[in-house]
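A.B. asks: Sharing a structure below in structure tokens format, with a few things to ask.
Chains as they are written, first to last, in this note's numbering: chain B, 603 to 831; chain D, 603 to 831.
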């Protein structure tokens, strides 16, 4: 079956490593789905604004090829790709439920998404609680993991640097990355420095942080390396 | 984007008008997704059995073309297709959460589905409650409808006929069809006979039923017409 995009997502996240692992109204990204003109999509959108939440069906446009087994960001062993929401699927389709903020013509503003800028959108469906909210469902192997997020703090010195827009963005990215777990992982560029001190690399930035305990880390320094790519 | 089926659904429902309108563990259909051999899907399925519910991403293979506005089975006015789960979408992709019963090699037994026999399957994803169950979501324009289902009874005379497999199947189909609403609707072949008596046509069968009240109907007779197509 050939899927034709009905439009594209426009948001601030272009790098797939920056996307939150699961959409989350609190930490998720806001953005706009702009549907294409000339296809009567204005009519197709009628009544959609009566829903608080919608499903977005989209393409993982930055995933190349598929793998039968993948290492999930919060697991320590590989899992079958069908047992994960990983983008590396035989058909690279993603589904995410997001909050619907506003519809203006062909523009749909959504919040709490994990979509990257430029993501092709294939379908929009209403979220229907009595069909979609399965209260008795378990979370499979994820139930075995600790769902508590790690709190990420910064030292007082660093808070002064947050006036710099780029530094604020990098710190925010680091928070997102360390929240799942502050320990080294193949999907994160983390180096053990000494004791409970680690270094996280994001682009040309290096962040030193200290693991207070499994649920609390503090970022103590941020430096920029020579390479300015 | 080109979607290649990873397998097909095998179930007892072949006629799209027989499919339940929404998947429902109580009234839904059971069946088996048989994944294709030779693609390492055995590995891709590893750990999926730890989940109680899964998402099935599939093609509405019996829907031809799309319509910007559709008449939902339980509404009285047309709605934008993106505000419905209708199959007549620009990209005819369906998503349904179903209960996972069993995985045996490449065969996945599921319950509570609305899939038709022969449905192409494009993806399987775990249902993750903390991402997918949106407790605070509303049901949009559906909230304005009465969600109570109509109880469908049959007379004692008719219960004797249920030994006949074909008749039992037609009665079950009628129950499914009338449960939403027993009143005439463009998607149901219902004729007003007289007073509170109506006739429902399913294939070459004619069922006479009486509307006791909006929440209760009783099927009183079933006959077969001459045409045996």
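Note that CB positions come from ideal geometry on N, CA and C, so glycine has one too. This structure is a prediction, so every number in the text was calculated from the model and none was measured.
Have a look at D:701, D:778, D:756, D:709 and flag the residue whose alpha-carbon is nearest the alpha-carbon of residue 657 of chain D.
C.D. replies: Counting from 1 along the second chain, the entry for residue 657 of chain D is found at position 55. Answer by Cα proximity: D:701.
A.B. asks: Count the other CB atoms, across all protein chains shown, that sit within 10 Å of the CB of residue 795 of chain B; report buried if there are 16 or more and exposed otherwise.
C.D. replies: To locate residue 795 of chain B, count along the first chain from 1; it is residue 193. Exposed, since its Cβ has fewer than 16 Cβ neighbours within 10 Å.
A.B. asks: Does the Cβ of residue 628 of chain B have 16 or more other Cβ atoms within 10 Å, making it buried, or fewer, making it exposed?
C.D. replies: The residue given as residue 628 of chain B occupies position 26 in the first chain. The pLDDT assigned to residue 628 of chain B is 49, lower than 50, so where the model puts this residue is not dependable; a value taken from the coordinates is nonetheless given after this. So residue 628 of chain B ends up on the exposed side.
A.B. asks: Within 10 angstroms of the Cβ of residue 707 of chain D, are there 16 or more other Cβ atoms? Answer buried if so, exposed if not.
C.D. replies: By 1-based counting over the second chain, the position of residue 707 of chain D is 105. Looking at its Cβ environment, which holds fewer than 16 other Cβ atoms inside 10 Å, residue 707 of chain D is exposed.
A.B. asks: Return the first residue and the last residue of the beta strand (DSSP E) that residue 690 of chain B is part of.
C.D. replies: Against the first chain, residue 690 of chain B aligns to sequence position 88. Run containing residue 690 of chain B: none; DSSP gives neither H nor E here.
A.B. asks: Compare the C-beta of residue 778 of chain B with all C-beta atoms of chain E and state if any pair is closer than 8 Å.
C.D. replies: The structure shown contains no chain E; its protein chains are B and D.
A.B. asks: What residues from chain D crowd round residue 737 of chain B, counting only those whose CB sits closer than 9 Å?
C.D. replies: In the first chain, residue 737 of chain B corresponds to position 135, counting from 1. Near residue 737 of chain B (Cβ distances below 9 Å), the residues of chain D are 731, 735, 737.
A.B. asks: For residue 614 of chain B and residue 719 of chain B, what's the separation of their Cα atoms in angstroms?
C.D. replies: Within the first chain, the letter at position 12 stands for residue 614 of chain B. Within the first chain, the letter at position 117 stands for residue 719 of chain B. So the alpha carbons of these two residues sit roughly 6 Å apart.
A.B. asks: Check the C-beta distance from residue 659 of chain D over to residue 638 of chain D and give it rounded, since I have them as a contact under 8 Å.
C.D. replies: On the second chain, residue 659 of chain D is found 57 positions in, with the first residue counted as 1. On the second chain, residue 638 of chain D is found 36 positions in, with the first residue counted as 1. Wrong, their Cβ atoms sit about 15 Å apart, outside the cutoff.
A.B. asks: Does residue 606 of chain D get closer than 8 Å to chain B when you measure Cβ to Cβ?
C.D. replies: What you label residue 606 of chain D is simply residue 4 of the second chain in a count that begins at 1. Judged by the 8 Å Cβ criterion, residue 606 of chain D is in contact with chain B.
A.B. asks: One question on the structure: do residue 754 of chain B and residue 781 of chain B come within less than 8 Å of each other, judged by their Cβ atoms?
C.D. replies: Numbered from its first residue, the first chain carries residue 754 of chain B at position 152. Numbered from its first residue, the first chain carries residue 781 of chain B at position 179. The answer is yes: Cβ separation under 8 Å.
A.B. asks: So for residue 563 of chain D, helix, strand or coil by DSSP?
C.D. replies: The requested residue 563 of chain D is not part of the displayed model; chain D covers only 603 to 831.
A.B. asks: So if I threshold CB-CB distances at 9 Å, which residues from the stretch 640-658 of chain B count as touching chain D?
C.D. replies: 641, 642, 643, 644, 645, 646, 647, 648, 649, 650, 651, 652, 653, 654, 655, 656, 657
A.B. asks: In chain order, what residues of the same chain have a beta carbon less than 7 Å from the beta carbon of residue 815 of chain D, not counting five sequence neighbours either side?
C.D. replies: Numbered from its first residue, the second chain carries residue 815 of chain D at position 213. Hits under 7 Å: none found.
A.B. asks: May I have the straight-line CA-CA distance separating residue 647 of chain B from residue 636 of chain B, to the nearest angstrom?
C.D. replies: Here residue 647 of chain B refers to the residue found at position 45 when the first chain is read from its first residue. Here residue 636 of chain B refers to the residue found at position 34 when the first chain is read from its first residue. Approximately 12 Å, taken between the alpha carbons.
A.B. asks: Strictly below 9 Å CB to CB, what residues from chain B border residue 687 of chain D?
C.D. replies: Start at 1 with the first residue of the second chain, and residue 687 of chain D comes out as number 85. Within 9 Å Cβ-Cβ: 727, 728, 730, 733.
A.B. asks: Near residue 772 of chain B, which residues of its chain fall below 6 Å by C-beta distance, leaving aside the five closest residues on each side in sequence?
C.D. replies: Here residue 772 of chain B refers to the residue found at position 170 of the first chain. Excluding residues within five positions, the ones whose Cβ falls inside 6 Å are 804, 807.
A.B. asks: Closest to residue 687 of chain D by C-alpha separation, out of B:674, B:725, B:717, would be which residue?
C.D. replies: For the purposes of this step, residue 687 of chain D is identified with residue 85 of the second chain, where counting begins at 1. Comparing Cα-Cα distances from residue 687 of chain D to each of B:674, B:725, B:717, the minimum goes to B:725.
A.B. asks: For residue 824 of chain B, is the classification buried or exposed, using 16 other Cβ atoms within 10 angstroms of its Cβ as the cut-off for buried?
C.D. replies: For the purposes of this step, residue 824 of chain B is identified with residue 222 of the first chain, where counting begins at 1. Residue 824 of chain B should be labelled buried.
A.B. asks: Apart from the five residues on each side of it in sequence, which residues of its chain come closer than 8 Å, Cβ to Cβ, to residue 601 of chain D?
C.D. replies: No answer is possible for residue 601 of chain D: it lies beyond the span of chain D, which begins at 603 and ends at 831.
A.B. asks: Express the C-alpha separation of residue 674 of chain D and residue 680 of chain D in angstroms, rounding to a whole number.
C.D. replies: As a working note, residue 680 of chain D is residue 78 in the second chain. As a working note, residue 674 of chain D is residue 72 in the second chain. When the Cα atoms are used, residue 680 of chain D and residue 674 of chain D turn out to be separated by approximately 7 Å.
A.B. asks: By a C-beta neighbour count over all protein chains shown, 10 Å radius and 16 as the cutoff for buried, is residue 697 of chain B buried or exposed?
C.D. replies: Counting from 1 along the first chain, the entry for residue 697 of chain B is found at position 95. The residue in question, residue 697 of chain B, is buried, as its Cβ has 16 or more Cβ neighbours within 10 Å.
A.B. asks: Taking residue 675 of chain B as the query, report the chain D residues whose CB atoms sit under 8 Å from its CB, ordered along the chain.
C.D. replies: Position 73 of the first chain, counted from the start, is the residue given in the question as residue 675 of chain B. Near residue 675 of chain B there are no residues of chain D at all, since even the closest Cβ is about 13 Å away, more than 8 Å.
A.B. asks: Go ahead and pull the three-state DSSP assignment for residue 642 of chain B.
C.D. replies: For the purposes of this step, residue 642 of chain B is taken as the residue at position 40 of the first chain. Three-state result, residue 642 of chain B: coil.
A.B. asks: Straight-line CA distance for residue 604 of chain D to residue 683 of chain D?
C.D. replies: Mapped onto the second chain, residue 604 of chain D falls at position 2. Mapped onto the second chain, residue 683 of chain D falls at position 81. So the alpha carbons of these two residues sit roughly 23 Å apart.
A.B. asks: In chain order, what are the residue ranges of uninterrupted beta strand (DSSP E) at least 3 long that sit wholly in the stretch 800-827 of chain B?
C.D. replies: 807-815, 818-826
A.B. asks: If distances are taken between C-alpha atoms only, which option among D:826, D:644, D:818 comes closest to residue 709 of chain D?
C.D. replies: Within the second chain, the letter at position 107 stands for residue 709 of chain D. Of D:826, D:644, D:818, the residue nearest in Cα terms is D:644.
A.B. asks: With DSSP run on the structure shown, which of helix, strand or coil describes residue 707 of chain D?
C.D. replies: Indexing the second chain from 1 puts residue 707 of chain D at position 105. The answer is coil: DSSP assigns residue 707 of chain D none of H, G, I, E or B.
A.B. asks: Along the chain, where does the alpha helix (DSSP H) that runs through residue 664 of chain D open and close?
C.D. replies: To locate residue 664 of chain D, count along the second chain from 1; it is residue 62. Segment: none, residue 664 of chain D is in no alpha helix (DSSP H) and carries neither H nor E.
A.B. asks: At the 8 Å Cβ level, is residue 681 of chain D part of the contact set with chain B, yes or no?
C.D. replies: On the second chain, residue 681 of chain D is found 79 positions in, with the first residue counted as 1. Closer than 8 Å to some Cβ of chain B, the Cβ of residue 681 of chain D qualifies, so yes.
A.B. asks: If the criterion is Cβ atoms closer than 8 Å, does the pair residue 821 of chain D and residue 756 of chain D meet it?
C.D. replies: Residue numbering aside, residue 821 of chain D sits at position 219 when the second chain is read from its first letter. Residue numbering aside, residue 756 of chain D sits at position 154 when the second chain is read from its first letter. Cβ distance < 8 Å, so residue 821 of chain D and residue 756 of chain D count as in contact.
A.B. asks: Kindly list, in the order they appear in chain D, the residues whose Cβ is closer than 9 Å to that of residue 693 of chain B.
C.D. replies: Counting from one through the first chain, the residue named residue 693 of chain B turns up at place 91. Within chain D, the residues near residue 693 of chain B are 603, 604, 605, 606, 607, 608, 659, 724, 725.
A.B. asks: Going straight from the alpha carbon of residue 652 of chain B to that of residue 611 of chain B, what length do you get?
C.D. replies: Here the question's residue 652 of chain B lines up with position 50 in the first chain. Here the question's residue 611 of chain B lines up with position 9 in the first chain. Approximately 21 Å, taken between the alpha carbons.
A.B. asks: Need the endpoints of the alpha helix (DSSP H) that residue 773 of chain D sits in, please.
C.D. replies: By one-based count along the second chain, residue 773 of chain D stands at place 171. From DSSP, the alpha helix (DSSP H) with residue 773 of chain D extends over 767-782.
A.B. asks: Can you tell me which of the three DSSP states residue 753 of chain D falls into?
C.D. replies: Locating residue 753 of chain D in the second chain gives position 151, counting from the first residue. Note: residue 753 of chain D maps to strand in three-state DSSP.
A.B. asks: Taking 8 Å as the CB-CB limit, is residue 743 of chain D close to chain B?
C.D. replies: As a working note, residue 743 of chain D is residue 141 in the second chain. At least one chain B Cβ lies under 8 Å of residue 743 of chain D.
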